[in-house]
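**Q**
In the working numbering, the protein residues as written are 2 to 73.
What follows is the structure, encoded as C-alpha cells:
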C-alpha cells in the first residue's frame, strides 16, 4: 500500500510563526521531476508520467522539461 505524505505539521508551524516557506520560481516554465521507485504494480511511475504528459499536452509552453528517475 503506498503511503500518503501530508504537510499538515509543517503548514501549522509556518502559519503560527508567520514564516515565508517554499520555493518561489521566477521563471514561467516549470521543470517536472518524477521520483517514484517503479518497483511493482503498486509503486510505479505510470500515473505521475500520465499527469506530466497531460500537463505538457495541455500547455507545452509552460513545461521546460520532464525528468523521470528510477526507471529501466
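Positions of the beta carbon are idealized from the N, C-alpha and C atoms, including for glycine. Everything numeric in this text was worked out from a predicted model, so none of it was measured.
#1: Can we say the region 12-32 touches the region 61-68, given the rule of at least three CB pairs closer than 8 Å?
#2: Going by DSSP, what residue range makes up the alpha helix (DSSP H) through residue 69?
#3: Which same chain residues, not among the five before or five after residue 56, have their C-beta less than 7 Å away from its C-beta?
#4: Would you list, in sequence order, the uninterrupted beta strand (DSSP E) runs of no fewer than 3 residues that lie entirely inside the region 11-36?
#5: Using alpha carbons as the reference points, say which of 6, 19, 49 and 15 lies closest to residue 36.
**A** Reading from the atomic positions:
#1: With the rule of 3 Cβ pairs closer than 8 Å, the region 12-32 counts as touching the region 61-68.
#2: For the purposes of this step, residue 69 is taken as the residue at position 68 of the chain shown. Not the alpha helix (DSSP H): residue 69 falls in the beta strand (DSSP E), residues 64-69.
#3: Taking the first residue of the chain shown as position 1, residue 56 is located at position 55. Excluding residues within five positions, the ones whose Cβ falls inside 7 Å are 64.
#4: 31-35, all fully within the region 11-36.
#5: Here the question's residue 36 lines up with position 35 in the chain shown. By alpha-carbon distance to residue 36, the top candidate from 6, 19, 49 and 15 is 49.
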